[in-house]
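One structure below.
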Amino acid sequence: VLLLGLLSAPAAHSRDFTGNDIVYLHPSTTPYPRGFKCFTCEKAADNYECNRWAPDVYCPRGTRYCFSQHMMKVTGESVSVTKRCVPLEDCLSTGCTYIKHEEYKVCTSCCEGSICNLPLPRNSSDAVFTTLSPL
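Sequence positions in the sequence shown follow this note's numbering and run 136 to 270.
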């Protein structure tokens with residue numbers, strides 16, 4: 136009887152990962168000058184799952200920005216989230232595009248700064264390339 140009650144219970148909504156969820160266990164030294172970290176994941180179900188399980192490692196040399204790509208249904212529900220460390224070339228096509236035959240919207244953003252890719256791009260206002268200094 137308990138099992139049937141669990142099966143008929145409504146599904147829980149996923150929540151977003153925020154700055155309050157970040158736990159700083161210990162300070163670390165950078166492996167090279169201007170070293171930085173980004174949230175990293177490949178095709179996670181949503182932002183919470185991506186950021187929650189992202190490895191706490193520095194980005195490799197040759198990268199400078201944090202990249203986020205958010206694929207969502209037309210209703211706004213997340214389909215997949217990809218985040219990684221990237222060089223400048225990977226940040227030159229930010230914005231949102233529609234995949235009509237699949238009815239998905241894909242928004243891409245880049246930012247400069249350690250773990251700056253916490254939030255997801257959800258629209259053209261969020262899907263931008265932000266830098267700390269001029270290019």
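Note that CB positions come from ideal geometry on N, CA and C, so glycine has one too.
The structure displayed is predicted, hence computed values, not measured ones.
Taking 8 Å as the limit between beta carbons, can you name the residues of its chain near residue i, skipping five residues before and five after?
{"i": "residue 180", "result": "149, 213, 215, 216"}
{"i": "residue 209", "result": "238, 239, 240"}
Could you spell out the range, first to last residue, of the alpha helix (DSSP H) harbouring residue i?
{"i": "residue 187", "result": "182–188"}
From the DSSP output, in three-state form, read off residue i for me.
{"i": "residue 235", "result": "helix"}
{"i": "residue 166", "result": "coil"}
{"i": "residue 224", "result": "helix"}
{"i": "residue 177", "result": "strand"}
{"i": "residue 230", "result": "strand"}
{"i": "residue 268", "result": "coil"}
{"i": "residue 261", "result": "coil"}
{"i": "residue 172", "result": "coil"}
{"i": "residue 246", "result": "strand"}
List the endpoints of the continuous beta strand (DSSP E) containing residue i.
{"i": "residue 215", "result": "213–221"}
{"i": "residue 200", "result": "200–208"}
Below 6 Å CB to CB, which residues in the same chain sit around residue i once its five sequence neighbours on both sides are set aside?
{"i": "residue 266", "result": "247"}
{"i": "residue 259", "result": "231"}
Compare the C-alpha of residue i against each of the options and name the closest.
{"i": "residue 222", "options": "194, 233, 243, 234", "result": "194"}
{"i": "residue 233", "options": "253, 206, 166", "result": "206"}
{"i": "residue 253", "options": "199, 172, 196", "result": "172"}
{"i": "residue 187", "options": "174, 198, 178, 201", "result": "174"}
{"i": "residue 151", "options": "218, 184, 177, 166", "result": "184"}
{"i": "residue 176", "options": "224, 165, 192, 167", "result": "192"}
{"i": "residue 178", "options": "168, 165, 219", "result": "219"}
{"i": "residue 167", "options": "190, 251, 197", "result": "197"}
{"i": "residue 226", "options": "164, 189, 199", "result": "199"}
{"i": "residue 251", "options": "236, 201, 182, 224", "result": "201"}
If I'm right that residue i touches residue j with Cβ under 8 Å, what's the distance once you round it to whole angstroms?
{"i": "residue 203", "j": "residue 255", "result": "6 Å"}
{"i": "residue 211", "j": "residue 257", "result": "7 Å"}
Considering only residues of the same chain and omitting the five flanking positions on each side of residue i, which have a CB-CB separation below 7 Å?
{"i": "residue 229", "result": "243, 244, 245, 262, 263, 264"}
{"i": "residue 147", "result": "With a pLDDT of only 47 at residue 147, under 50, the local geometry of the prediction cannot be trusted, and the value read off the model is given with reservation. The answer is none, since no qualifying residue turns up."}
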